[in-house]
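2 protein chains.
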Amino acid sequence: MKQSTICPKFEKAISLLSQRWTALVIYQLLTGPQRFNEIQSAIGISGKVLSERLKTLEQKGIVKREVIPDTPVIIEYSLTEKGHSMEPILKSIENWSQEWVERDDE
Amino acid sequence: MKQSTICPKFEKAISLLSQRWTALVIYQLLTGPQRFNEIQSAIGISGKVLSERLKTLEQKGIVKREVIPDTPVIIEYSLTEKGHSMEPILKSIENWSQEWVERDDE
DNA sequence: TACACTTAGTTACATAAAGTAACATAATGA
DNA sequence: TCATTATGTTACTTTATGTAACTAAGTGTA
């Protein structure tokens, strides 16, 4: 199993978005900068995985982590320009889901 | 970890697309109906997982499995209307990847 | 006829990813 | 002092995925 005829950039994008939680984290950050716990309780992800995802997304230039020295320190996550540029992807999924997903699709 | 303020239809769409290989299988079928082995070698997925994904997608009404009695029998997979309706999602990922993914994004 | 090959999978086993819960650390507030 | 909050991390369990071998039915070849 190795042959792939598919564009490597597309494959990278797909493998990023096929990672559980990644799309939801980005979707959540589209609503504005927020803190670790806010993201966690908004989407119901475990701290462990959220921490992993944020690191990956930061490292890929999609998310920015900012330390605000506001005693106690606030750590704020937000989307970079690259992150914001994914909005159309999330919107197209949202549109599709409204049109095609049933309440009882298992 | 339970609270989610996110639309359940959207969450279902996301959880489908966040499953490894699912988006790639649909993308591949956008190029036309094809057989098990064709999909397998086009995207480099294992037979086991492809078989699982096709069952899930069939059950969700996204993929159609057709037995063509052409001695030996041909089993052809294609997208339903619901499946085709996901094209804009895949295209938006494709567009984004062309604009934003670097050759060396790890 | 016997043997190898192809298609569409399935099974058994190994490895990797995710979930859960408890813990760490620093700061604050009562 | 003691409890609480924020941001994680660690250890352990469960689930998902990968790999390779195997099946069954039909076909082609010697």
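Line order of the protein sequences matches chains S and C.
With the numbering used here as the guide, the letters of the first sequence map in order to residues 1 to 106.
With the numbering used here as the guide, the letters of the second sequence map in order to residues 1 to 106.
Where a beta carbon is used, it is the ideal one built from N, C-alpha and C, also for glycine.
Taking C-alpha positions only, PRO8 of chain C is separated from ALA42 of chain C by approximately 33 Å. With contacts defined by Cβ atoms closer than 8 Å, ALA23 of chain C and ILE14 of chain S form a contacting pair.
Interface criterion not met: the Cβ of SER78 of chain S is under 8 Å from no Cβ in chain C. If only uninterrupted beta strand (DSSP E) runs of at least 3 residues are considered, those enclosed by the stretch 56–100 of chain S are 63–68, 74–79.
Sequence-ordered contacts of the stretch 17–28 of chain C with chain S read LEU17, SER18, GLN19, ARG20, TRP21, THR22, ALA23, LEU24, TYR27, GLN28 [C-beta pairs closer than 9 Å]. Distance between THR56 of chain S and LEU79 of chain C, taken at the CA atoms: about 33 Å.
Cβ neighbours of ARG20 of chain C within its own chain (closer than 6 Å, five residues either side excluded): none. According to DSSP, residue pairing for GLN34 of chain S in a beta bridge involves S:TYR77.
Interface annotation, THR5 of chain S: in contact with chain C, CB-CB separation under 8 Å.
Listed along the chain, the chain S residues whose CB falls inside 7 Å of the CB of GLN98 of chain C are LYS9. For SER92 of chain C against LYS12 of chain S, the beta-carbon gap comes to about 15 Å, at or over 8 Å, which does not count as contact.
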